[in-house]
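**Student:** First to last, the protein sequences are chains A and B. Residue 130 in the numbering used here sits at position 130 of the first sequence; the count goes up by one each step and never skips. Residue 134 in the numbering used here sits at position 134 of the second sequence; the count goes up by one each step and never skips.
2 protein chains.
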Amino acid sequence: MRASLGRRAVTRANVVARGGGRPGRVHVPSDAFQGRSPEIAARDALGRLFTAVAARAVIAEESEAAIAGGMKPEESERYEVLKKYVEENPIRDGNAWMAALMERDDVASRMVALRVLELRKTYAEEVFDFERVREQVISEVRSENDRLMSEYVKRLM
Amino acid sequence: MRASLGRRAVTRANVVARGGGRPGRVHVPSDAFQGRSPEIAARDALGRLFTAVAARAVIAEESEAAIAGGMKPEESERYEVLKKYVEENPIRDGNAWMAALMERDDVASRMVALRVLELRKTYAEEVFDFERVREQVISEVRSENDRLMSEYVKRLM
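1) Quick check on Pro-161 (chain A): buried or exposed, where buried means 16 or more other Cβ atoms within 10 Å of its Cβ?
2) If distances are taken between C-alpha atoms only, which option among B:Gln-34, B:Ala-68, B:Ala-66, B:Ser-76 comes closest to Leu-49 (chain A)?
3) Using the Cβ count rule (16 or more neighbours within 10 Å means buried), how would you classify Glu-144 (chain B)?
4) Consult DSSP for Arg-155 (chain A) and reduce its assignment to one of helix, strand or coil.
5) With a threshold of 8 Å on Cβ separation, who are the neighbours of Val-92 (chain A) within its own chain once the five nearest residues in sequence on each side are excluded?
6) Does DSSP classify Phe-33 (chain B) as helix, strand or coil?
7) Within the continuous alpha helix (DSSP H) that includes Asn-95 (chain B), where are the two ends?
8) Which chain B residues are close to Leu-148 (chain A), counting only those with a beta carbon under 8 Å from its beta carbon?
9) Would Gln-136 (chain A) pass as a contact of Arg-43 (chain B) if the rule is Cβ separation under 8 Å?
10) Just confirm the distance between the C-beta atoms of Ile-138 (chain A) and Glu-125 (chain B), as a whole number of angstroms; I'd bet it's less than 8 Å.
11) In its own chain, which residues sit with a C-beta less than 6 Å from the C-beta of Val-116 (chain A), not counting the 5 before and 5 after it?
12) I need the straight-line Cα distance from Met-149 (chain A) to Thr-51 (chain B), nearest angstrom please.
13) Using the beta-carbon of each residue, which ones in chain B are nearer than 9 Å to Ala-57 (chain A)?
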């Protein structure tokens with residue numbers, strides 16, 4: 001599965017964007033990012049992001065649950081356990097990060113881990129707005145390119 | 001422009017994903033990522049990625065151009081200048097990275113900078129396959145969640 005996704009992404013990355021000459025051609029070495037294509041690098045970065053989003057959402061939930069139960073958030077074991085885990089373990093690989101939390105012995109860690117697992121799936125499938133991000137990143141690249149070019153031309157004058 | 005994108009992303013991030021009770025609700029603190037929403041964090045990460053992709057594509061182009069001209073790539077000033085800049089300056093902010101390259105005094109740096117600028121726009125607009133990345137990240141989260149859950153259940157038995 002992973003190999004076939006990788007192969008398709010490489011084919012796509014090697015595409016000739018505009019017909020004809022050099023100006024619009026974009027040839028990306030297929031292993032440019034530690035052996036990964038740009039699409040796979042983006043997939044991994046978003047996977048990390050979704051895991052971090054889900055963890056922060058569960059911390060917010062546990063804080064609200066504590067307050068609803070008449071406690072301070074810091075008095076909730078789940079809140080404290082997850083907050084500490086997030087602070088002490090930066091997410092490099094979202095799945096390794098999840099696995100380590102799920103393997104811990106205390107019940108509170110395992111309960112929050114299961115909720116983070118559930119939320120990151122919901123977040124990826126239903127909440128994160130891929131289309132808006134596509135629009136935003138293209139609009140950002142255009143406006144930043146225009147700004148950089150205008151500063152460049154100003155310096156030449 | 002930036003402020004209004006930020007505001008819309010926050011509204012989206014606060015959406016209730018499934019109606020009703022706790023299971024499907026995803027409430028993401030709007031400033032979860034150094035004051036940014038997840039969509040803005042994703043936009044910035046993709047902006048960095050596109051800048052890196054464009055730089056690597058220009059290095060490949062300059063290498064090919066050198067070979068086509070009967071030289072070794074290392075004999076091309078543009079190839080050497082950009083390769084060294086990429087190696088010595090990890091991209092944290094894609095625009096600051098581009099600006100520093102465009103401000104350099106030597107003609108080779110400025111020429112490759114202009115080409116990187118052009119290519120990252122083409123790459124964002126025409127080459128990068130957002131839809132495939134969306135499919136891949138959702139499929140990856142699903143299969144990794146299934147795997148983590150199955151390992152968790154095995155440990156309980």
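Glycine included, each C-beta is placed from N, C-alpha and C at the ideal position.
**Tutor:** Answer, in terms of the structure:
1) No answer is possible for residue 161 (chain A): it lies beyond the span of chain A, which begins at 1 and ends at 157.
2) As a working note, residue 49 (chain A) is residue 49 in the first sequence. Per the Cα distances, B:Gln-34.
3) Residue mapping note: residue 144 (chain B) aligns to position 144 of the second sequence, counting from 1. Buried, by the Cβ-count rule.
4) Taking the first residue of the first sequence as position 1, residue 155 (chain A) is located at position 155. DSSP places Arg-155 (chain A) in the helix class (H, G or I) of the three-state scheme.
5) As a working mapping, residue 92 (chain A) is identified with position 92 in the first sequence. Correcting the residue identity first, residue 92 (chain A) is Arg in this sequence and not Val. By the criterion of a C-beta distance shorter than 8 Å, Arg-92 (chain A) is surrounded in its chain by Arg-48, once the five residues flanking it on both sides are discounted.
6) Position 33 of the second sequence, counted from the first residue, corresponds to residue 33 (chain B). Residue state, collapsed to three classes: strand.
7) Against the second sequence, residue 95 (chain B) aligns to sequence position 95. From DSSP, the alpha helix (DSSP H) with Asn-95 (chain B) extends over 94-102.
8) Numbered from 1 along the first sequence, position 148 holds the residue referred to as residue 148 (chain A). Those within 8 Å of Leu-148 (chain A) in chain B are Asn-95, Met-98, Ala-99, Met-102, Leu-117.
9) Residue 136 (chain A) sits at position 136 when you count from the first residue of the first sequence. Residue 43 (chain B) sits at position 43 when you count from the first residue of the second sequence. The Cβ atoms of Gln-136 (chain A) and Arg-43 (chain B) sit closer than 8 Å to each other.
10) As a first step, residue 138 (chain A) must be located in the first sequence, where it is residue number 138. As a first step, residue 125 (chain B) must be located in the second sequence, where it is residue number 125. In this structure, Ile-138 (chain A) and Glu-125 (chain B) form a Cβ contact; the two beta carbons are roughly 6 Å apart against a cut-off of 8 Å.
11) The residue labelled residue 116 (chain A) in the question sits at position 116 within the first sequence. Cβ neighbours of Val-116 (chain A) beyond the five flanking positions: Ala-54, Ala-55, Val-58.
12) For the purposes of this step, residue 149 (chain A) is taken as the residue at position 149 of the first sequence. For the purposes of this step, residue 51 (chain B) is taken as the residue at position 51 of the second sequence. Distance between the alpha carbons of Met-149 (chain A) and Thr-51 (chain B): 15 Å.
13) Position 57 of the first sequence, counted from the first residue, corresponds to residue 57 (chain A). The contacting residues are Arg-25, Val-26, His-27, Val-28, Pro-29, Ala-32.
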